[in-house]
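Mapped onto numbering that gives the first Met the number 0, the consecutive letters of the sequence shown carry residue numbers 0 to 199.
The structure appears below as structure tokens.
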Amino acid sequence: MNQPRRNIQWQGSHVTPEQRREAIGQRGCVIWLTGLSGSGKSTVALRVERRLLELGKVAYTLDGDNIRHGLCSDLGFKPEDRRENIRRVGELVRLMADAGVVAIVALISPYRDDRARVRARIPEGRFVEVFVDAPLAVCEERDPKGLYARARSGEIPNFTGISAPYEAPVDPELVLRTDESDVDGCVDRVVETIIPLLTL
Ligand code: ADP
């Protein structure tokens with residue numbers, strides 16, 4: 000497995016981080032939204048992205064479902080597939096943040112270790128973990144894609160919260176209780192957290 004890497008050398012950049020920041024007018028970072036299906040990750044991600052673009056910032060949302068159509072179309076939902084899914088998205092957003100983009104990830108990412116591994120690959124302070132939190136009963140009641148009903152009937156195996164675990168973040172940068180605050184309030188809190196990072 001390591002054999003081919005022996006012949007590969009790291010190619011350095013001809014641009015310093017400062018030059019890149021000056022050209023783009025911002026520094027990149029990663030906003031990682033984790034939570035149960037139906038907790039509100041996509042809703043918040045897309046609204047944050049639009050708000051940042053309205054402020055003239057470069058932001059891009061990576062939605063878990065969309066990623067599985069392309070970059071991760073070969074992966075399923077077994078723990079090792081979920082781990083690989085998160086590793087690939089983590090490497091992608093690491094590069095995007097390095098390029099100066101605010102990369103917004105909406106991914107259930109149920110395992111603490113997987114999220115910690117991504118965090119460890121991103122420069123200190125540039126990984127913002129957001130726990131999009133709502134009780135399972137609320138998510139199931141919302142069931143925006145009808146997935147809980149299908150999971151309960153056994154049609155979808157390994158469904159997070161029903162037949163697969165969700166490990167809540169221990170010390171996230173932000174917790175959004177989407178059953179207590181409205182969408183605007185949640186979006187405001189993410190944007191307020193991110194804005195200072197763009198110039199730091
Ligand atoms: P996920 O991406 O986590 O699976 P979605 O964003 O697709 O969840 O769905 C969340 C649902 O909850 C949407 O129908 C959304 O309108 C609703 N909702 C209610 N309150 C909030 C809130 N504060 N933040 C985000 N979504 C909310």
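Just so you know, even glycine gets a beta-carbon here, dropped at the ideal spot from N, CA and C.
Between the ligand ADP and the CB of Lys40, the shortest heavy atom gap is smaller than 7 Å. For the pair Gly124 and Gln25, the CB atoms are not nearer than the 8 Å cut-off. Rounded to whole angstroms, Ser152 and Glu53 show a C-alpha spacing of 42 Å. Under DSSP, Tyr147 takes part in no beta bridge, so it has no partner. Taken in chain order, the complete beta strand (DSSP E) segments of 3 or more residues contained in the segment 108-186 are 126-132 and 173-176.
Counting every other CB atom within 10 Å of its CB across the protein chains shown gives Ile7 a total below 16, marking it as exposed. Around the Cβ of Arg81, a 10 Å sphere holds 16 or more other Cβ atoms; the residue is buried. For the ligand ADP, a non-hydrogen atom lies closer than 7 Å to the CB of Val182.
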